[in-house]
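Notes follow once the structure below has been shown.
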Amino acid sequence: MVLIASDEMEAYFENLEKKADKCYTLVEKVRKAGFDPSDSPEIPRAKDLAERVEAQVGPEGIAPRIREVAEENDRESTALIIAKELAGKLKSELGLEKALEQAVRTSLINFNGRSLSCSNRRCGKS
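My numbering applies: residue 118 is where the sequence shown begins, and numbers increase by one.
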């Protein structure tokens, strides 16, 4: 996917990236100092929903396929296509139950933008 933006818009996004880098660096520093049980931010950085899906629930390498399918389909169809493909692809590697679980997690977070382990209240949604 090629994005075209003005120089001003490019500078804006570069500035956002720099500020996000500073925030993540600060979070890591504070957490490594022992102020939090985790030593890294829980929310992975992502440039789009496909990257977010891959970072949060996987499997590794799924983002390009999600983008490809999403270019030609709506969110519902994309979720179903990805689920079907993943279940078939992962069945021999993980077994039926784990393959289906991975397929459902990946496709549903792609569909609604949140992971299955995220309750509405915990994620700030009502």
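All residues carry an ideal CB built from backbone N, CA and C; glycine is no exception.
It should be emphasised that the depicted structure is a prediction, and the values quoted were computed from it without experimental measurement.
- Per DSSP, the unbroken alpha helix (DSSP H) holding ASP124 starts and ends at 124-147.
- When Cβ pairs closer than 8 Å are counted between the two stretches, the stretch 188-208 is seen to touch the stretch 216-228, the count reaching three or more.
- For GLU185, the uninterrupted alpha helix (DSSP H) run begins and ends at 180-189, by DSSP.
- Per DSSP, the continuous alpha helix (DSSP H) segment holding GLU168 begins and ends at 166-173.
- Minimum Cα-Cα distance from ASN227 among the listed residues PRO158, VAL144, ALA167, GLU189 corresponds to ALA167.
- Going by DSSP, ILE198 is part of the alpha helix (DSSP H) stretching over 192-211.
- Relative to the Cα of LEU225, the nearest Cα in the group ARG148, GLY175, ILE121 belongs to GLY175.
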